[in-house]
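Single-structure report; data block below.
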Amino acid sequence: MNFPRIYTALLALMAAGAGIVALLWTAPQTKHRLARSVLREVQAQQRSSSTTGQSLAAAPLVARTYYGRRLEPRDPVVLHGAGQSDAATFIAYSRAVEPSQPILSMSYVDLHDDIPAFFARLHDELIRYPDLVVPQIGIAMNEGDAKKHYEQEVADGVDDSRLRALCDGLKSLDRPVFLRVGYEFNGSWNGYQPRSYVDAFRHVSESIRSCHLENVALVWDLSAEAELDTENGGAQVSDAAKRWGAYYPGDAWVDWWAINLFRSESITSEATRAFLADADRHRFPVMIAESTPFHHSVEAGQAPIDAWFAPYFGLIRSQRGIKAFCYIDWDWSSYPQWKDWGDGRIERNPAVLAFYRRQVSAPLFANARTRAATMKLLNAK
C-alpha cells in the first residue's frame, strides 16, 4: 500500500469537507493500520451524508411557524430570492423560472464604499422590474480583506456619517429591505472578532431604528461552510452553538437569523440542524441568505439534483422556521478563483431547470407580485 499516495488523497477529501480532523504521524508499523482506519471513516461519513441527503430529498412538508418578526410573512410561505450577480444574470434567472420570479434580489456593499452611488444604481435596477422586488443587501465591514476589518470603528461611531448615508439610501428605495450586517460573521475570510462584531451590529441596528426605518429587517447571518471548516480542523460540533453564540448581538437587535449553504455537507450537517433549532428556540424566522451547488455543477446531468438540489429543497420543506431562501445562479467556473466550483446556472441543464421550476412554483413559495400584494405579504408599513 502506497501510504504517501493515500495521504494525498485523504488531504483532498479533507479539503472537500469529508470531515477528517488530522492524520497523526506515528511509527512506520502503524501507518498502514492508520490509513485503513481513516479510509473507513471517510467512507462511513460519505455514506452517512448520502443517506441524510436522500432522507431530506424525500422529506414531507412541515407547516411554517409565524414568529411575529419584522417583514416576516404571516402566510405559511417561503420567500423566493436570487442574485449576487449582475442585472442581466438576474433577469435570465427570472425568465428561466417564469412565472415564478423571485421576490428577493441579493446585492452587496461595503460600508466604506460610495454608499450614495450604490443606492442610486440599485434604485435604477429595481424600478426596471414590473413587480416589487425586495432587496436583500449584504453590508461588509472589511473592504474585502480580513486584515482590514473595521467593525470596532463602526461600533465606536467612527463611521456614523456613513451610517447616515446608509439610512438615506435605504429610504430612497421606497420598499422593504433585508439588511445582512457583517454577513458570514464567523468566516475567517472576514476577520470579524466576536466582541467587536456584536458591538458593531448593535450600533448599526440602533442607527437604523433611530432613522425610523420600519420596513428594514436586520439579518444576522452565519456561514455553514465556516462552521464545517472549524469542525474539520478538530472543533467539536457539540460546541457549535457556543461559537456562533459569541457573535450574537441579542434578540433586541436582530429581526431574522440567516445561514449560507454551499456544500452538500452543509445542507445535511448536524450544526445546520442545531442552528435552525436554536433560531426556533429564540423565536426567529430563518433565511437561507446565500446558496449555490458548490462542486456540483449543473452540467452533470441528474447528479446535481440528487446530490444538492433535492436535499436542499427537502431541508426547506422540512424546517418550519425557514421563511426565505436566496439562490446564486452564477457560473462560478468562469472565474479563476472559483473555477472548481462548477456552473450554478439552473438554466444550463433542462433536468435541473425542470426540477427547480417544480419547487418554486409550489404553493409553499412566495414569488414576485404587485407592490400592494408584497407590502401586505411582509406586513410592511
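Be aware that the sequence shown starts at 1, since it is given in full-length UniProt numbering, and climbs by one per residue.
Even glycine gets a Cβ: it sits at the ideal position worked out from N, Cα and C.
In DSSP terms, what residue i is bridged to
i: residue 290; result: 260
i: residue 326; result: 81
i: residue 178; result: 136, 217
i: residue 110; result: 140
i: residue 104; result: 81, 134
i: residue 365; result: 78
i: residue 223; result: 260
i: residue 331; result: 343
Chain-order list of residues whose beta-carbon lies under 6 Å from that of residue i (same chain, five-residue window excluded)
i: residue 311; result: 53, 56, 57, 267
i: residue 220; result: 254, 257
i: residue 249; result: 198, 201, 202
i: residue 369; result: 131
i: residue 339; result: 333
i: residue 71; result: 176, 217, 378
Buried or exposed by the 16-neighbour rule on C-beta atoms within 10 Å, applied to residue i
i: residue 215; result: buried
i: residue 182; result: buried
i: residue 371; result: exposed
i: residue 358; result: exposed
i: residue 32; result: Since pLDDT at residue 32 reaches only 49, below the 50 mark, its modelled position is unreliable, and the value read off the structure follows with that caveat. Residue 32 is exposed by the Cβ-count criterion.
i: residue 30; result: Confidence is the limiting factor: at residue 30 the pLDDT is only 45, short of 50, which leaves the residue's position unreliable and the question unanswerable from this model.
i: residue 278; result: buried
i: residue 189; result: exposed
i: residue 234; result: exposed
i: residue 84; result: buried
i: residue 317; result: buried
i: residue 245; result: exposed
i: residue 155; result: buried
i: residue 98; result: exposed
i: residue 206; result: exposed
i: residue 461; result: No answer is possible for residue 461: it lies beyond the span of the chain, which begins at 1 and ends at 381.
i: residue 271; result: buried
i: residue 263; result: buried
i: residue 157; result: exposed
i: residue 120; result: exposed
Beta-carbon proximity list for residue i, same chain, < 7 Å, skipping 5 on both sides
i: residue 153; result: 159
i: residue 387; result: This structure gives no information on residue 387, because the portion of the chain shown stretches from 1 to 381.
i: residue 151; result: 141, 182, 192, 196, 197, 200
i: residue 269; result: 224, 228
i: residue 299; result: 343, 348, 349
i: residue 148; result: 142
i: residue 69; result: 255, 256, 284, 285
i: residue 353; result: 96, 346, 347
i: residue 241; result: 274, 278
Span of the alpha helix (DSSP H) around residue i
i: residue 299; result: Note, residue 299: premise wrong, no alpha helix (DSSP H); not H, not E.
i: residue 374; result: 371 to 377
i: residue 167; result: 160 to 173
i: residue 207; result: 194 to 210
i: residue 115; result: 115 to 126
i: residue 346; result: Residue 346 -> no alpha helix (DSSP H), and no H or E assigned at all.
i: residue 312; result: 310 to 318
i: residue 88; result: 87 to 96
i: residue 244; result: 240 to 245
i: residue 154; result: 151 to 155
i: residue 270; result: 270 to 282
8 Å CB neighbourhood of residue i in its chain, flanking five on each side removed
i: residue 87; result: 125, 128
i: residue 109; result: 115, 118, 137, 138, 139, 140
i: residue 406; result: Because the chain is modelled from 1 through 381, residue 406 falls outside the range shown and cannot be assessed.
i: residue 82; result: 90, 93, 94, 102, 104, 105, 106, 326, 327, 328, 329
i: residue 144; result: 110
i: residue 355; result: 305, 309, 310
i: residue 335; result: none
Does the structure place the region 58 to 66 close enough to the region 301 to 320 that three or more beta carbon pairs sit under 8 Å? yes
Can we say the region 88 to 100 touches the region 334 to 353, given the rule of at least three CB pairs closer than 8 Å? yes
If we count Cβ pairs, one from each stretch, closer than 8 Å, do we get three or more for the region 201 to 210 versus the region 95 to 104? Taking 8 Å as the limit for Cβ pairs, the verdict is that the region 95 to 104 does not touch the region 201 to 210.
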